[in-house]
Amino acid sequence: MIDTAAAPHHDVEGPEGAPALILGPSLGTSLDLWVPQLAALGRAHRVVRYDLPGHGGTPSAALPHPEPGETSVADLADLVLGLADRYGIGAFHYAGVSLGGAVGTYLAIHHPERVSSLALVCTSAHFGGAEPWRARAALVREQGVASLVATAPGRWFADPETATTPRGAALLADHAAADPAGYAACCDALAAFDVRDALGSIAAPTQVIAGAGDVATPVSHGRELADAVPGARLDVVEGGHLASAERPAEVTALLTAHLERAGNG
1 MIDTAAAPHH DVEGPEGAPA LILGPSLGTS LDLWVPQLAA LGRAHRVVRY
51 DLPGHGGTPS AALPHPEPGE TSVADLADLV LGLADRYGIG AFHYAGVSLG
101 GAVGTYLAIH HPERVSSLAL VCTSAHFGGA EPWRARAALV REQGVASLVA
151 TAPGRWFADP ETATTPRGAA LLADHAAADP AGYAACCDAL AAFDVRDALG
201 SIAAPTQVIA GAGDVATPVS HGRELADAVP GARLDVVEGG HLASAERPAE
251 VTALLTAHLE RAGNG
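full-length UniProt numbering puts the first residue of the sequence shown at 1, with every later residue one more than the last.
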């Protein structure tokens, strides 16, 4: 039973009665990550954006298992299902960046009846093994998120100048404002995530978008997803891990075309 009271902080825009599209953010960002895509995607869809625990407006207390090492992508997926249930949304289209993409992948595998189509942006079926994420979680719990802010531009952007733009500065400010408990818990979720063996079960029409300059989830990770998910399409855009922010027009066009191919049901 999904606890609808635990739904994360969110924003809903677009025509009432239109097909639902849920947008998931990456680790260290908020629902504002999707601002460049919102106008286009909201023309034909009821767009629901949400914040991860400890990010944006969602408190870390939204986590069902806040103890170190206990949070999983399944927990985050349950929060999304609770949010959908709150609005009476049965099936929905889903697009997510990085950790947000992992949530969508999990939903498509374990709740296929809920996912009408899937877009995976700069994400992976696994995130490089558990140990680096456990180490990052421990660092954040001990020293706070500020310990990571200086290295965030190198992880997020292919073009270092992006960090100096208003858009880049806003993304980095969201990163700095993240609550350490929630951020570390999301690192725990990434540490435990590996669904490579289950990708073949995904039935939803799937678009994979990779960033040519993404050092966090390289193009090879996107190709692995596209090769394993039946019928999936892979497109590569310039940009780093937050390619949706560095190359917003290209990512928006790919998402719009994907949703048109998937249909508005």
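No residue lacks a Cβ here, since even glycine has one placed at the ideal position from N, Cα and C.
With distances taken Cα to Cα, identify the nearest neighbour of residue i among the options.
i, options, result
"residue 55", "67, 115, 33 and 230", "33"
"residue 131", "192, 102, 99 and 107", "192"
"residue 137", "22, 184 and 23", "184"
"residue 23", "99, 62 and 63", "99"
"residue 150", "142, 141 and 169", "169"
"residue 124", "140, 51 and 195", "195"
"residue 174", "141, 30 and 74", "30"
"residue 187", "209, 255, 129 and 106", "129"
"residue 213", "7, 77, 242 and 202", "242"
"residue 103", "25, 248 and 249", "25"
"residue 21", "71, 59, 52 and 89", "89"
"residue 110", "87, 154 and 76", "76"
"residue 159", "231, 247 and 127", "247"
"residue 154", "262, 87 and 217", "217"
"residue 209", "198, 249 and 143", "249"
"residue 197", "126, 232 and 231", "126"
Taking the beta carbon of residue i as the centre, do at least 16 other beta carbons fall within 10 Å, making it buried, or is it exposed?
i, result
"residue 161", "exposed"
"residue 221", "buried"
"residue 37", "buried"
"residue 43", "exposed"
"residue 147", "exposed"
"residue 3", "For residue 3, the predicted model reports a pLDDT of 44, less than 50, meaning its position is unreliable; a value from the coordinates is still stated below. It counts as exposed."
"residue 207", "buried"
"residue 265", "Reliability of the predicted coordinates at residue 265 is poor, the pLDDT of 43 falling under 50, and no value is obtained from them."
"residue 266", "In the structure displayed, the chain extends from 1 to 265; residue 266 sits before or after that span and is not available."
"residue 5", "Any answer about residue 5 is weak, because its pLDDT of 45 lies below 50 and its placement is not dependable; what the coordinates show is given next. Exposed, by the Cβ-count rule."
"residue 17", "exposed"
"residue 333", "In the structure as shown, the chain begins at 1 and stops at 265. Residue 333 is therefore absent and cannot be evaluated."
"residue 260", "exposed"
"residue 53", "buried"
May I ask you to list the residues that DSSP assigns as paired with residue i?
i, result
"residue 194", "126"
"residue 211", "237"
"residue 206", "118"
"residue 63", "None, per the DSSP bridge assignment."
"residue 20", "46"
"residue 93", "21 and 117"
"residue 13", "47"
Is the beta carbon of residue i sitting closer than 8 Å to the one on residue j?
i, j, result
"residue 237", "residue 211", "yes"
"residue 117", "residue 15", "no"
"residue 108", "residue 145", "no"
"residue 172", "residue 178", "no"
"residue 156", "residue 240", "yes"
"residue 251", "residue 121", "yes"
"residue 258", "residue 119", "yes"
"residue 28", "residue 135", "no"
"residue 141", "residue 68", "yes"
"residue 73", "residue 50", "no"
"residue 112", "residue 203", "yes"
"residue 114", "residue 95", "no"
"residue 46", "residue 97", "no"
Round the Cβ separation of residue i and residue j to the nearest angstrom and send it over; I've been treating them as touching at under 8 Å.
i, j, result
"residue 226", "residue 234", "4 Å"
"residue 48", "residue 10", "6 Å"
"residue 189", "residue 66", "That belief does not hold up - the Cβ atoms of residue 189 and residue 66 are roughly 12 Å apart, past 8 Å."
"residue 62", "residue 79", "6 Å"
"residue 81", "residue 255", "Going by Cβ atoms, the distance from residue 81 to residue 255 rounds to 22 Å, so no, they are not a contact pair."
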